[in-house]
Amino acid sequence: MRFLTVDVGNSSVDIALWEGKKVKDFLKLSHEEFLKEEFPKLKALGISVKQSFSEKVRGKIPKIKFLKKENFPIQVDYKTPETLGTDRVALAYSAKKFYGKNVVVISAGTALVIDLVLEGKFKGGFITLGLGKKLKILSDLAEGIPEFFPEEVEIFLGRSTRECVLGGAYRESTEFIKSTLKLWRKVFKRKFKVVITGGEGKYFSKFGIYDPLLVHRGMRNLLYLYHRI
Numbered sequence: 001m002r003f004l005t006v007d008v009g010n011s012s013v014d015i016a017l018w019e020g021k022k023v024k025d026f027l028k029l030s031h032e033e034f035l036k037e038e039f040p041k042l043k044a045l046g047i048s049v050k051q052s053f054s055e056k057v058r059g060k061i062p063k064i065k066f067l068k069k070e071n072f073p074i075q076v077d078y079k080t081p082e083t084l085g086t087d088r089v090a091l092a093y094s095a096k097k098f099y100g101k102n103v104v105v106i107s108a109g110t111a112l113v114i115d116l117v118l119e120g121k122f123k124g125g126f127i128t129l130g131l132g133k134k135l136k137i138l139s140d141l142a143e144g145i146p147e148f149f150p151e152e153v154e155i156f157l158g159r160s161t162r163e164c165v166l167g168g169a170y171r172e173s174t175e176f177i178k179s180t181l182k183l184w185r186k187v188f189k190r191k192f193k194v195v196i197t198g199g200e201g202k203y204f205s206k207f208g209i210y211d212p213l214l215v216h217r218g219m220r221n222l223l224y225l226y227h228r229i
């Protein structure tokens with residue numbers, strides 16, 4: 001059986017083409033690139049954090065079914081579930097399914113999100129600006145600082161503008177992750193598996209298991225529920 005899974009982000013669309021349990025093709029496209037492409041007329045499951053773009057996706061992939069938070073079988077213990085993004089629930093479900101009931105999910109893209117699944121329940125987490133967006137905003141607002149693109153920069157002292165900017169932004173992001181992991185291990189008195197995903201996830205792979213297809217694997221796992229969604 002061939003089908004698609006689609007993840008609509010703030011600035012890009014990720015599409016996986018599946019044949020049974022195997023991914024045969026994977027595309028990461030900007031919104032502009034997506035609109036220029038043609039896609040096979042297959043059934044598809046998707047999630048979206050950008051509802052204003054969802055109808056455009058439906059126009060290109062007519063058989064898509066966008067999933068809602070309640071479609072993912074995971075308990076949510078969160079103060080304001082009505083404001084919780086489907087993407088965070090989808091990732092929490094996927095992480096629980098493939099990595100166990102106590103897991104930290106790091107999603108790195110436009111936003112850098114770190115969420116906690118504790119005893120199989122989504123508990124919440126933290127959200128900050130993604131690495132690429134930090135660099136872009138710094139360049140836009142600070143005259144004289146050029147725009148740099150994300151890199152994994154491990155240095156103890158920046159000695160050029162490039163090193164200072166990239167090293168500072170990267171260090172800020174990694175310290176955010178390190179301090180959060182340390183805090184949760186102390187507060188909850190246990191170790192957690194850590195899984196990293198998202199378009200910028202490769203820059204933080206040292207913190208755990210890098211799984212760029214995490215949410216797509218989760219959606220594939222829900223396919224048997226398709227007619228009930």
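Numbering (the numbering used here), first residue to last: 1 to 229.
Heads up, the beta-carbon is just placed ideally off N, CA and C, and yes, glycines get one too.
Expected contact under 8 Å - CB spacing of residue 23 and residue 99 to nearest Å: With 8 Å as the limit, residue 23 and residue 99 do not qualify as a contact, their Cβ atoms being about 18 Å apart.
Residue 32 versus residue 187: straight-line alpha-carbon distance, rounded: 44 Å
Beta carbon of residue 7 nearer than 7 Å to that of residue 47: yes
Start and end residues, alpha helix (DSSP H) containing residue 58: 51-60
Closest by C-alpha distance to residue 92, when choosing among 108, 118, 79 and 201: 118
Sheet register partners of residue 210 (DSSP bridge): 196
C-alpha distance - residue 172 paired with residue 179, whole-angstrom precision: 11 Å
Candidates 127, 64 and 58, of which the one nearest residue 3 by Cα: 64
Every unbroken alpha helix (DSSP H) within the region 49-130, with a cutoff of 4 residues, ordered by chain: 51-60 and 86-99
Secondary structure of residue 3, DSSP reduced to three states: strand
Opening and closing residue of the alpha helix (DSSP H) in which residue 155 lies: Premise fails: residue 155 is in no alpha helix (DSSP H) and is neither H nor E.
Assigned secondary structure, residue 228 (DSSP; H/G/I helix, E/B strand, else coil): Caution applies to residue 228, whose pLDDT of 49 falls short of 50 and renders its modelled position unreliable; the model cannot decide the point.
N-terminal and C-terminal residue of the alpha helix (DSSP H) that residue 169 is part of: 161-188
Which of helix, strand or coil DSSP assigns to residue 145: coil
Buried versus exposed call for residue 72 [16 or more other C-beta atoms within 10 Å across all chains shown]: buried
Own chain, CB closer than 6 Å to residue 89, minus 5 neighbours either side, in chain order: 69 and 72
For residue 131 and residue 203, believed in contact at Cβ under 8 Å, the rounded distance: 6 Å
Residues that DSSP places opposite residue 15 in a beta bridge: 6 and 27
Assigned secondary structure, residue 201 (DSSP; H/G/I helix, E/B strand, else coil): helix
Contact set for residue 67: own chain, Cβ-Cβ below 8 Å, skip 5 residues either direction: 45, 46, 47, 86, 90, 219, 222 and 229
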